[in-house]
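Read the structure below first, then the notes.
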Ligand code: PXP
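Residue numbers (the working numbering): 71 to 319.
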């Protein structure tokens, strides 16, 4: 099975918000992504609204026809928005105001009691819940006991090691990701992966047989500056298919 590709369009909104106007439009980017083969669209409504806005989430809900995956912090404000928007999926992520991006996984084990209410409320509202966690067995066990059907494994540390040319470190983290994907799947979780992936680093992750979905954003939007969004996403899809099947497109 080929992993689904969720395209994260946050950074189209980052560029728009740099000038405070209406372009580039993240919804238009989502529509192009769908035409280029995205199976879903992912957007992170951050507490400080630095990129995606409430209006973007409303428009994504009504103007795209593939599943929307809302990334959200476990706060009452975000829960209210998610319960009203009823996205296909919600991925609960840790969020720190001062961070540039989602720096680490959610501490599902340490925050078990806090998270339980969010997982339950979203599930009861018909949204598929995932928890964005580090590839560690105790975090997977916490996700299981919280009743989350999906985990997304944080690939940021692996991607950083690849970018820095630190092959050994990258391979060690890749091994953790493989073990986590295997353990989670055997326990009945659906396993996704994402963060920081590029053309260079995606293949070993896409090749992990248990990975059902990849969520990729910043690199795709960055590369699109040079090659266009359609071509960039098509190439990423081709790499994912090749990694999983061994057959070039
Ligand atoms: N998955 C999750 C849960 C994320 O928070 C992000 C970043 O918003 C991504 C995937 C995509 O990461 P990147 O933009 O680095 O590809």
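Even for Gly, the Cβ is constructed at its ideal location relative to N, Cα and C.
How would you call residue 121, buried or exposed, if buried means at least 16 neighbouring beta carbons within 10 angstroms? Numbered from 1 along the chain shown, position 51 holds the residue referred to as residue 121. Under this definition residue 121 is a buried residue.
Taking 7 Å as the cut-off, does the CB of residue 264 come closer than this to any heavy atom belonging to ligand 1? For this step, residue 264 is matched to residue 194 along the chain shown. Yes; taking the cut-off as 7 Å, the Cβ of residue 264 has a heavy atom of ligand 1 nearer than that.
Spatial neighbours of residue 201 in its chain, beta-carbon cut-off 6 Å, leaving aside the 5 residues before and after: Working through the chain shown from its first residue, we reach residue 201 at position 131. Around residue 201: 162, 176, 178, 213, 218, 221.
For the beta strand (DSSP E) holding residue 71, just list the boundary residues, first then last. As a working mapping, residue 71 is identified with position 1 in the chain shown. Premise fails: residue 71 is in no beta strand (DSSP E) and is neither H nor E.
Is the region 256-272 touching the region 292-306, taking contact as three or more C-beta pairs under 8 Å? yes
Classify residue 194: buried if its beta carbon has 16 or more other beta carbons within 10 angstroms, exposed otherwise. Within the chain shown, residue 194 is the residue found at index 124, counting from 1. Classification for residue 194: exposed.
So does the region 112-128 actually touch the region 143-163, counting three or more Cβ pairs closer than 8 Å? yes
For the candidate residues 298, 128, 318, whose alpha-carbon lies nearest to that of residue 106? Working through the chain shown from its first residue, we reach residue 106 at position 36. Of the listed residues, the one whose Cα sits closest to residue 106 is 298.
Could you tell me whether any non-hydrogen atom of ligand 1 is closer than 7 Å to the CB of residue 158? Working through the chain shown from its first residue, we reach residue 158 at position 88. No - ligand 1 has no heavy atom lying nearer than 7 Å to the Cβ of residue 158.
Rounded to the nearest angstrom, how far is the Cβ of residue 189 from that of residue 153, given a contact under 8 Å? Locating residue 189 in the chain shown gives position 119, counting from the first residue. Locating residue 153 in the chain shown gives position 83, counting from the first residue. Contact flag wrong, Cβ pair sits at about 13 Å.
Looking at C-alpha atoms only, which residue of 290, 281, 141 is the closest neighbour of residue 72? Within the chain shown, the letter at position 2 stands for residue 72. Taking only the C-alpha atoms, the option nearest residue 72 is 281.
Residue 232: beta carbon under 7 Å from a heavy atom of ligand 1? Position 162 of the chain shown, counted from the first residue, corresponds to residue 232. No, since every heavy atom of ligand 1 falls outside the 7 Å radius drawn around the Cβ of residue 232.
CB contact flag (residue 263, residue 206, <8 Å): Within the chain shown, residue 263 is the residue found at index 193, counting from 1. Within the chain shown, residue 206 is the residue found at index 136, counting from 1. No, these two residues do not count as a Cβ contact at 8 Å.
Flag residue 293 as yes when its Cβ comes closer than 7 Å to any non-hydrogen atom of ligand 1, and as no otherwise. Position 223 of the chain shown holds residue 293. No, since every heavy atom of ligand 1 falls outside the 7 Å radius drawn around the Cβ of residue 293.
Does at least one heavy atom of ligand 1 sit under 7 Å from the Cβ of residue 141? Here residue 141 refers to the residue found at position 71 when the chain shown is read from its first residue. It does: the Cβ of residue 141 is within 7 Å (strictly closer) of some heavy atom of ligand 1.
Do the CB positions of residue 156 and residue 197 come within less than 8 Å of each other? For the purposes of this step, residue 156 is taken as the residue at position 86 of the chain shown. For the purposes of this step, residue 197 is taken as the residue at position 127 of the chain shown. Yes. Within cutoff.
Which residues bound the alpha helix (DSSP H) around residue 293? Your numbering for residue 293 matches position 223 in the chain shown. 288-297 is the extent of the alpha helix (DSSP H) around residue 293.
Please state if the CB of residue 160 and the CB of residue 192 are separated by a distance shorter than 8 Å. On the chain shown, position 122 is the one that residue 192 refers to. On the chain shown, position 90 is the one that residue 160 refers to. Yes, these two residues count as a Cβ contact at 8 Å.
Taking the alpha-carbon positions, what's the residue 275 to residue 244 distance? Looking up residue 275 in the chain shown gives position 205. Looking up residue 244 in the chain shown gives position 174. Taking the straight line from one Cα to the other gives about 8 Å.
Closest Cα partner of residue 123 within the set 96, 254, 290, 291: Working through the chain shown from its first residue, we reach residue 123 at position 53. Ranking the options by Cα distance to residue 123, first place goes to 96.
Would you check whether ligand 1 has a heavy atom nearer than 7 Å to the C-beta of residue 202? On the chain shown, residue 202 is found 132 positions in, with the first residue counted as 1. Checking the Cβ of residue 202 against ligand 1 gives yes.
Check the DSSP bridge columns for residue 159 and list the partner residues they point to. By 1-based counting over the chain shown, the position of residue 159 is 89. According to DSSP, which records beta bridges pairwise, residue 159 is partnered with 139, 198.
Sheet register partners of residue 111 (DSSP bridge): Counted from its first residue, the chain shown places residue 111 at position 41. Paired residue(s): 77, 138.
Suppose you measure from the CA of residue 135 to the CA of residue 103; what does that come to, to the nearest Å? Against the chain shown, residue 135 aligns to sequence position 65. Against the chain shown, residue 103 aligns to sequence position 33. Their backbone Cα atoms lie some 11 Å apart in a straight line.
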